[in-house]
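Undergrad: Per the working numbering, residue 11 is the first one in the sequence shown, and the count goes up by one each step.
Quick reminder that beta carbons are idealized off the backbone N, C-alpha and C, glycines included.
Bear in mind that the values here come from a model prediction, so they are computed numbers and not experimental data.
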Amino acid sequence: MQVLVSVLLWFSAIGCGLIAGLYFAFSTFIMTALGRIESVQGVAAMNSINSTILRSLFMPLFFGTTIAAAVLAVLALIRWGEPGSAAILVGGLIYLVGMFGCTIVFNVPLNNELARTGAGVADVWARYLKDWTFWNHIRTVASTAAMVLFIVALLARHST
């Protein structure tokens with residue numbers, strides 16, 4: 011069981027870091043750059059990004075890290091009191107709610123709405139840029155916090 015937890019922690023820490031980096035890029039410059047071009051072009055570019063990402067290596071990492079975080083949270087409860095269990099639980103919950111939940115409840119519906127955009131592109135695009143980027147900031151912070159907590163748990167487990 012110790013080996014399984016260690017493997018899941020390493021996978022989750024690295025996965026959260028990779029995902030946080032992608033979200034960070036969108037929050038800090040990609041969405042700003044897309045907002046500087048004509049709305050029709052921005053919508054087309056974002057729709058292309060959204061359809062491409064669904065068929066990329068990002069998706070197995072996205073779901074794999076989510077599943078690993080959920081398993082870790084459950085294992086932390088079952089093995090409460092072991093070194094790092096609090097960090098594992100909090101990291102898993104932050105990731106599940108702040109990254110996965112936020113993606114499903116906010117970012118994906120906004121992406122779906124953008125994909126259906128016809129007339130009134132400029133209004134939809136302006137709102138999309140603002141709302142999608144806000145929720146992406148939340149995902150960035152949650153993914154980064156989860157990564158840090160999983161690293162803290164690894165350190166706690168290996169320092170005993």
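Taking only the alpha-carbon atoms, compute the straight-line gap between LEU71 and TRP20 and give it to the nearest angstrom.
TA: Looking up residue 71 in the sequence shown gives position 61. Looking up residue 20 in the sequence shown gives position 10. Taking the straight line from one Cα to the other gives about 13 Å.
Undergrad: What beta strand (DSSP E) runs, 3 residues minimum, are completely inside the region 112-167?
TA: You should have found no qualifying run.
Undergrad: Between which two residues does the alpha helix (DSSP H) harbouring MET69 extend?
TA: Locating residue 69 in the sequence shown gives position 59, counting from the first residue. Counting along the chain, the alpha helix (DSSP H) containing MET69 begins and ends at 68-88.
Undergrad: List the endpoints of the continuous alpha helix (DSSP H) containing GLY27.
TA: Sequence index remark: in the sequence shown, residue 27 carries index 17 (1-based). First-last of the alpha helix (DSSP H) with GLY27: 12-35.
Undergrad: Looking at C-alpha atoms only, which residue of MET157, THR62, HIS147 and VAL134 is the closest neighbour of GLU123?
TA: By one-based count along the sequence shown, residue 123 stands at place 113. Ranking MET157, THR62, HIS147 and VAL134 by Cα distance to GLU123 puts VAL134 first.
Undergrad: Taking only three categories from DSSP, how would you classify LEU44?
TA: In the sequence shown, residue 44 corresponds to position 34, counting from 1. Note: LEU44 maps to helix in three-state DSSP.
Undergrad: Go ahead and pull the three-state DSSP assignment for GLY101.
TA: Locating residue 101 in the sequence shown gives position 91, counting from the first residue. Residue state, collapsed to three classes: helix.
Undergrad: What would DSSP say about SER169, mapped onto helix, strand or coil?
TA: Position 159 of the sequence shown, counting from 1, holds the residue named residue 169. Looking at SER169 - three-state DSSP - the assignment turns out to be coil, as it is neither helix nor strand.
Undergrad: If you reduce the DSSP assignment to three classes, tell me which class GLY94 lands in.
TA: Position 84 of the sequence shown, counted from the first residue, corresponds to residue 94. Correct three-state label for GLY94: coil.
Undergrad: In angstroms, rounded to a whole number, what distance separates the CA positions of ALA55 and THR127?
TA: For the purposes of this step, residue 55 is taken as the residue at position 45 of the sequence shown. For the purposes of this step, residue 127 is taken as the residue at position 117 of the sequence shown. Those two C-alpha atoms are separated by around 13 Å.
Undergrad: With a CB to CB cut of under 7 Å and the five nearest residues on each side skipped, what residues in its chain are close to VAL53?
TA: Stepping through the sequence shown from its first residue, residue 53 is reached at position 43. The residues are LEU124, THR127, VAL131 and TRP135.
Undergrad: Using CA coordinates, which residue listed in SER95, ASN60, LEU28 and ILE47 is at the minimum distance from GLY74?
TA: The residue labelled residue 74 in the question sits at position 64 within the sequence shown. Checked all of SER95, ASN60, LEU28 and ILE47; the closest Cα to GLY74 is LEU28.
Undergrad: At what residues does the alpha helix (DSSP H) containing MET56 begin and finish?
TA: For the purposes of this step, residue 56 is taken as the residue at position 46 of the sequence shown. Element bounds for MET56: 49-63.
Undergrad: Let me check understanding here. Comparing Cα to Cα, which of GLN12, TRP145, SER16 and VAL158 lies closest to CYS26?
TA: Within the sequence shown, residue 26 is the residue found at index 16, counting from 1. Nearest C-alpha to CYS26: VAL158.
Undergrad: Out of ILE114, TRP90, ASN60 and LEU87, state which residue places its alpha-carbon closest to the alpha-carbon of THR76.
TA: What you label residue 76 is simply residue 66 of the sequence shown in a count that begins at 1. It is ILE114 whose Cα lies nearest to the Cα of THR76.
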